[in-house]
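Read through the structure below, which is laid out as C-alpha cells, and then see the notes.
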Amino acid sequence: MNANGDREDPSQSTAMTGGDSSRPSGGSLQRPVPAWQVYAEQGPAPQPERPESGDGCLYSVVRWPARIIAVVVVVPLRLLWELVKAIGRGVRLLLWDWFLRPVLIGLKIALWDWFLRPIGKGLKILVWDWFLYPVGLFVWRWVLLPIGRAIAWAWVRLVMVPIVFLVRYVLLVPLSALWRWVLAPVGRAVVQALRFAWDVSTTVFTFLVVRPLSWLWRAVLVPIGRGIAFVWRHVVVVPAVWAWNHVFAPIGRAIRAVWRFAVVAPMRWVGRNVFRPIGTAGREVLRAFGLKKR
C-alpha cells in the first residue's frame, strides 16, 4: 500500500528495488517473482535510436540519382524480364504441354503401337517363320549337310587314307625293321663289346698295377716310412727338443738377463742421470744466449 491507500504494482516495486524481490518489505517476506514474468509485464527495454548510416550531403547527392536510374532503367528491365518469362511459360504450356506433347504421344501410339509393330510382327511371321526359316532348314538339311558329308568322305578317302598308308608302309615299317634287325643288334653287340673290354681292362689293371702298388705300399714303403719316422723322432727331434729345453733356452735366458742387467740398465741410468741433464743444461744455455728459440 502507498501513502494514498492504493495497492502498489508488484512489477513497479520490483523494478524500483532493482529486481531483488528477496528483500523483506514491511517486516514480511515476499515470494520472489521470476525474471520471465517481469520481462513479460514490462516488455523489452527500449533501444536507443541509431542515426542512419551514410547521412550527409554526399549520400543525398548520390542516393537520388541512383534511385532515379533504378526506377527508370532497372525496374522496366526487371518487369520486361518477368513478362518474357511469363510469356515463355505460357507458350511452353500452350505449345508443348497442351499441343505438341499430346500430338507426339498420339503419333507414337498410332504409328508404333497400331501400325509399325503389327506390320513388323506380320513381316516376321511371313518372312522368317513361314519362308526364311523353312527354306534355310531345308537347304541345310538336304543341300549343305549332304555336300559337307560328301566333302568329308572325299577328304578322308582320297587324301588322309593315302597319306596314312604312305607314312605307315613307306616310312614307319622300314624304319621299324631297320631298328629291330640292324640297329638294335649292332647296338647290343657294341655295348657287350665295350662291357667286355672294360671288364678285361679293369682286371688287367688290377692285377698288374693296383695289387703290386698295394703290396709295395704295405710291404716296403710303409715300413720304410715308419723306420724313417722312428729314426727322425729319436735321433733328431728328441735330442733337438732336449737341447732346446736344457741348453739353448737356459743359455738364452742367461744372455737376456746379463744383457738386461749389464747393458740395458746402465745405459738407461746413464741416459736418465747424465745425458738428459746435460741436454737440458745445454738447451738452457743456448736459450740464455738467444741461440735457440722457445
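Using the working numbering, the first residue of the sequence shown is number 45, and each one after it goes up by one.
Quick reminder that beta carbons are idealized off the backbone N, C-alpha and C, glycines included.
- In the structure shown, the three-state DSSP call for residue 334 is coil.
- Rounded to whole angstroms, the separation of the alpha carbons of residue 133 and residue 141 is 10 angstroms.
- DSSP places residue 191 inside the alpha helix (DSSP H), whose first and last residues are 189-199.
- For residue 333 and residue 321, the gap between their C-alpha atoms comes out near 18 angstroms.
- Straight across, the Cα-Cα distance linking residue 299 with residue 276 is about 30 angstroms.
- Between the C-alpha atoms of residue 175 and residue 199 there is a straight-line separation of about 34 angstroms.
- Counting only runs of at least 4 residues, the stretch 215-256 fully encloses the following alpha helix (DSSP H) elements, listed from N- to C-terminal order: 217-222 and 228-249.
- Judged by DSSP secondary structure, residue 119 falls within the alpha helix (DSSP H) whose first and last residues are 119-135.
- Scanning the stretch 128-179 from its first residue to its last, the whole alpha helix (DSSP H) runs of 4-plus residues come out as 145-151 and 161-167.
- According to the DSSP assignment, residue 261 belongs to no alpha helix (DSSP H), since it is labelled neither H nor E.
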